[in-house]
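J.:
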Amino acid sequence: MTRIVFYFLAGLLSFVCAQESLAGTGSLALLQTFISQTGGQCEPPPPSLDGFVTTSKASLIVGFLLVFAGIFIDRKKVKLTCWGLAVIPFGVWGYLNFLVDYSEIRKKIFNLDVRAEQTLSNIAEAQDRYKSEQEVYIKDLSQVKSHLAGAHGLDECVEILDLNVGFDHWTASAKHVSSPNIVKWDSTSGSSLKKG
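Mapping the sequence shown onto the numbering used here, position 32 (from 1) lands on 260, and the numbers just tick up by one.
1) Can you find the residues in the same chain that come closer than 7 Å, C-beta to C-beta, to asparagine 325, ignoring five residues on each side of it along the sequence?
2) State the start and end residues of the unbroken beta strand (DSSP E) segment that holds serine 401.
3) Is the beta carbon of leucine 389 less than 8 Å from the beta carbon of lysine 367?
4) What first and last residue would you give for the beta strand (DSSP E) that runs through glutamate 387?
5) Using the Cα positions of arginine 303 and cysteine 310, report the straight-line distance between them to the nearest angstrom.
6) Short check: CB of alanine 400 to CB of isoleucine 351, under 8 Å?
7) Given a cut-off of 8 Å on the beta-carbon distance, is the pair proline 275 and isoleucine 337 in contact?
8) Would you identify the three-state DSSP class for valine 411, choosing helix, strand or coil?
9) Apply the 10 Å Cβ neighbour rule to phenylalanine 427 and answer buried if 16 or more other Cβ atoms are within range, or exposed otherwise.
10) Mind checking which residues open and close the alpha helix (DSSP H) that includes lysine 304?
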């Protein structure tokens, strides 16, 4: 009876570890949604760094649980099975900590945020041009688009989340559809994106 319970628990722990690993790399349905919304023009989102950290911790815990279970159980077959199953979560942990290039993922996210910042910079240029002509800022985003003649326009993969306009001050926030970060722009201080 204890053997059946043990095999069930070992299988359940391995399933949870595998599920966490698959969840950390991104969902195929989410990727298909981004591609269908943007007509395939935008790049897919990079893997979630938080998902990698969660998967790494979960696999380490599962691996040590299986090792300790093998130490404390006196049956030889069960002991060897525990230690054999512990190789899987330790392999996942090793892959996530030694083979995944986190700096490349961070660089990709930063480049996506720079594209959002460039779009906000173009909006700032249009707002300044309109303010010099009309002495007020534009409150409607569709009017902002019509005044982007000299700039490079709005990036179709960048979503403008917020545009707040006062008489002498305006703020905006934008997000690239593939990036988890939101970039903010203030007319007095510029971008919130920290370079470097």
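Beta carbons: idealized from backbone N, C-alpha and C, even for Gly.
T.: In short:
1) Contacts found: Ser284.
2) From DSSP, the beta strand (DSSP E) with serine 401 extends over 398-404.
3) Cβ atoms of leucine 389 and lysine 367: not closer than 8 Å.
4) Segment 386-393, the beta strand (DSSP E) holding glutamate 387.
5) Cα to Cα, arginine 303 sits roughly 11 Å from cysteine 310.
6) Pairing alanine 400 with isoleucine 351 gives a Cβ-Cβ distance under 8 Å.
7) Contact flag unset, no.
8) Correct three-state label for valine 411: strand.
9) Only positions 229 to 424 of the chain appear in the structure, and residue 427 is not among them; the question remains open.
10) From DSSP, the alpha helix (DSSP H) with lysine 304 extends over 304-326.
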